[in-house]
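Shown next, in structure tokens, is the structure this report addresses.
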DNA sequence: GTTTGGCACTCTCGGAGTGCGAGTGCCAAT
DNA sequence: ATTGGCACTCGCACTCCGAGAGTGCCAAAC
């Protein structure tokens, strides 16, 4: 029994220390906890508990005779076991709803959402665009830009516009291009881009002998476009990077710079995020848990959102390990669910 | 005659001080200059000249008994009168040419250019997209997204794609939309968007009594789209923001943050740039010359580039006042001219 | 035997004092 | 007009406390 009680006590104290540290940003000492602690425990007792917690690796001291600071492991325990789920405040929910309602095109909405996340958490907010290979074809169009250059415009069901310029070997008139576009739409509307691509590649093999020039051109063109499309980086919206500078913890300019560079090289960012969020639910990655050492002092709260049945994009918050996890989690969870709902059954 | 000689001497010394300071970043003293100065002048003499220069407002001392540092006014004089024009190194020219050649769509080129500027100068590079009201219509297309939502896609001669979602009062079939698009293209291809808008507004007034429903719809739709288009912010590509952090001069976190926020709020940035570059040639704005106090310690080297006869976008470098002006100017000048040439007579 | 008060100890942080080096301003000599 | 010399001024890095906060441990108390 003493074991359990101690455990409980330890949990209480750990929670209180972390809460306190998240709020104040300064190492918290035994006296501070003793004051808050409802059951009358003296500072000395707290000290003993804290020593235990330190031994278990949940806390550490910046130096002897400073208060305690949570370790990454401490945060991990806090997030997993000590955090009481928090409902997103009504005012926040309303702001999210408003942003979603107001905007028109998907990229705009996503951009605004990253901005909103940044504002509400005072951290860096990000949104990765849905994987376009899962987009559902609504319309496709080819426009001749010159003798051998063609612009392809594709619109998916969510109203996102994809476009790509490609060179072709043979010159095609705008009229032919229109026909090709019409054919592709009639044939493939409602399918996902990756399905279409498969189907086209299949057709290409089979139809080699066919005489219908238009058809074979349509297939070639469609394939070429979709192929190119696959190579395009996923887009990311990152907002609130300056907030990182606000963090008093970061005086290390050099580390700062590396972080900012990572944000600017968005391709790298996407990789990190993809790696982390394997289309399961919401995830929290804390400091040293990151594979990329650049993020060693940053925590990530991210959640995928879905379009249709397929996993799609990722959105979340990036901030110092000393972060208001409860709030961030509530927000990310709420938005990702809302977005999934809307994208799966679009308003159109 | 003594007057002129002194003037010349002053110029020499000022130039050398600024050169030196740009390179080293540290206040430069009389001895340093005395060593470099070809005509044998002693440190003491240099000191006298320096004192004069300080009195004239070209130099200042961080504190008594430190070396001299150029004032903004000093930089101004340097840029206007002391700088020997520098040709852009061949290697740089080649890198620029390669970027321009390789890319396909205009936005991609511009993005790459901002990146390139940032790399070559180790500063922040930016490119503002051309004013779309001056774009020349090549193709326009309407796509129905739902009962009362229409997506308009417009392609201009440079291959830039503009799009906009709008709500309409009446439902239009895709067939009707196609016809409307065709009509607008046939009627207005080759005109600039602002011309078209004028023309449409004119037509709207005159044709009120007309019975041709399709025509009046086309006019209404076109107007609505172009109207909305005007409100869209100009796009800016900003690259290399982290380079600002590299600057040893900036320890002031708070100022840092404000600068970064300005970069993130791109609308604000466009305003600043527009204000500065009134479609004349290359311009340099130094530190306190900025109207916006946020940029008080930054210098801007910017030049507009043209598409057709009309002024179009702006591109340039933003960095600390202690900047390699000669290099930055050479680079910005070269790129803006190259870009103008290409956009005015596109490869298509 | 858990808890607690007390006490010695450790460590950081800020302010005061100090020596050094760099650089200036001025003056008298050339 | 130019220059060498010299006194003077600062900033910077260093050191040296003293105060304050917090710990660890021990012996007493509940």
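Protein chains in written order, with my numbering: chain B, 4 to 351; chain A, 4 to 351. Heads up, the beta-carbon is just placed ideally off N, CA and C, and yes, glycines get one too.
Interface residues of chain B facing residue i [CB-CB closer than 7 Å]
| i | result |
| --- | --- |
| residue 259 of chain A | 248 |
Cβ-based burial, residue i [other Cβ within 10 Å; buried from 16]
| i | result |
| --- | --- |
| residue 419 of chain A | Nothing can be reported for residue 419 of chain A, as the shown portion of chain A is limited to 4 through 351. |
| residue 38 of chain B | exposed |
| residue 26 of chain B | exposed |
| residue 315 of chain A | buried |
| residue 305 of chain A | buried |
| residue 34 of chain B | exposed |
| residue 47 of chain A | exposed |
| residue 278 of chain B | exposed |
| residue 7 of chain A | Residue placement at residue 7 of chain A is flagged as unreliable, the pLDDT there being 37, under the threshold of 50; a coordinate-derived value is accordingly withheld. |
| residue 309 of chain A | buried |
| residue 178 of chain B | exposed |
| residue 60 of chain B | exposed |
| residue 43 of chain A | exposed |
| residue 65 of chain B | exposed |
| residue 67 of chain B | exposed |
| residue 333 of chain A | buried |
| residue 141 of chain B | buried |
| residue 173 of chain A | exposed |
| residue 344 of chain B | exposed |
| residue 9 of chain A | The pLDDT assigned to residue 9 of chain A is 45, lower than 50, so where the model puts this residue is not dependable; a value taken from the coordinates is nonetheless given after this. Classification for residue 9 of chain A: exposed. |
| residue 251 of chain A | exposed |
| residue 5 of chain A | Bear in mind that the predicted position of residue 5 of chain A carries a pLDDT of just 33, short of 50, making it unreliable; the figure below should be weighed with that in mind. When all chains shown are included, residue 5 of chain A counts as exposed. |
| residue 83 of chain B | exposed |
| residue 307 of chain B | buried |
| residue 155 of chain B | buried |
| residue 133 of chain B | buried |
Closer than 7 Å at the beta carbon, the chain A residues around residue i
| i | result |
| --- | --- |
| residue 263 of chain B | 244, 245, 248 |
| residue 256 of chain B | 248 |
| residue 158 of chain B | 146, 154 |
Per DSSP, the bridge partner or partners of residue i
| i | result |
| --- | --- |
| residue 320 of chain A | A:128, A:304 |
| residue 167 of chain A | A:155 |
| residue 195 of chain A | A:139 |
| residue 149 of chain B | B:152 |
| residue 334 of chain B | None; residue 334 of chain B has no bridge partner. |
| residue 63 of chain A | A:72 |
| residue 289 of chain A | A:302 |
| residue 273 of chain B | Residue 273 of chain B pairs with nothing; no bridge assigned. |
| residue 31 of chain B | B:71 |
| residue 173 of chain B | Looking at the DSSP assignment, residue 173 of chain B forms no beta bridge with any residue, so it has no partner. |
| residue 144 of chain B | B:156 |
Where the alpha helix (DSSP H) through residue i begins and ends
| i | result |
| --- | --- |
| residue 10 of chain A | 5-27 |
| residue 325 of chain A | Premise fails: residue 325 of chain A is in no alpha helix (DSSP H) and is neither H nor E. |
| residue 89 of chain A | Element bounds for residue 89 of chain A: n/a, residue is neither H nor E. |
| residue 160 of chain B | Looking at the DSSP string, residue 160 of chain B is not in any alpha helix (DSSP H), and its letter there is neither H nor E. |
| residue 57 of chain B | 46-58 |
| residue 258 of chain B | 256-267 |
Partners in chain A for residue i, counting only beta-carbon separations shorter than 8 Å
| i | result |
| --- | --- |
| residue 166 of chain B | 108, 164 |
| residue 267 of chain B | 242, 243, 244, 245 |
Where the beta strand (DSSP E) through residue i begins and ends
| i | result |
| --- | --- |
| residue 242 of chain B | 239-242 |
| residue 103 of chain B | Unbroken run through residue 103 of chain B is the alpha helix (DSSP H), 93-105; no beta strand (DSSP E). |
Interface partners of residue i on chain B, CB under 8 Å
| i | result |
| --- | --- |
| residue 142 of chain A | 146 |
query = Would you say the region 263-273 of chain A touches the region 88-96 of chain A, given that touching needs at least three Cβ pairs under 8 Å?
reply = Counting Cβ pairs under 8 Å, fewer than three are found: no touch.
query = Would you call the region 114-130 of chain A and the region 215-226 of chain A in contact, with 3 or more CB pairs under 8 Å?
reply = Flag = no, the region 114-130 of chain A and the region 215-226 of chain A do not touch.
key: Cβ pair count under 8 Å reaching 3, the region 294-309 of chain B against the region 318-333 of chain B   = These segments touch.
query = Are there three or more Cβ pairs, one per stretch, closer than 8 Å when the region 103-116 of chain B is compared with the region 144-151 of chain B?
reply = Segments in contact, no.
ask   = Are at least three pairs of beta-carbons, each pair with one atom in the region 285-292 of chain A and one in the region 57-75 of chain A, less than 8 Å apart?
value = Using a Cβ-Cβ distance cut-off of 8 Å, the region 285-292 of chain A and the region 57-75 of chain A are in contact, since at least three pairs of beta carbons, one from each stretch, lie closer than that value.
ask   = Do three or more CB pairs link the region 94-103 of chain B to the region 43-54 of chain B at distances below 8 Å?
value = Not touching, per the Cβ criterion.
query = How about the region 14-31 of chain A and the region 56-63 of chain A: do they share at least three Cβ pairs that are nearer than 8 Å?
reply = As far as the Cβ criterion goes, the region 14-31 of chain A touches the region 56-63 of chain A, which means the pair count is three or higher.
message = Taking contact to mean 3 or more Cβ pairs, one atom from each stretch, closer than 8 Å, check whether the region 155-167 of chain A and the region 335-343 of chain A are in contact.
response = The region 155-167 of chain A is not in contact with the region 335-343 of chain A.
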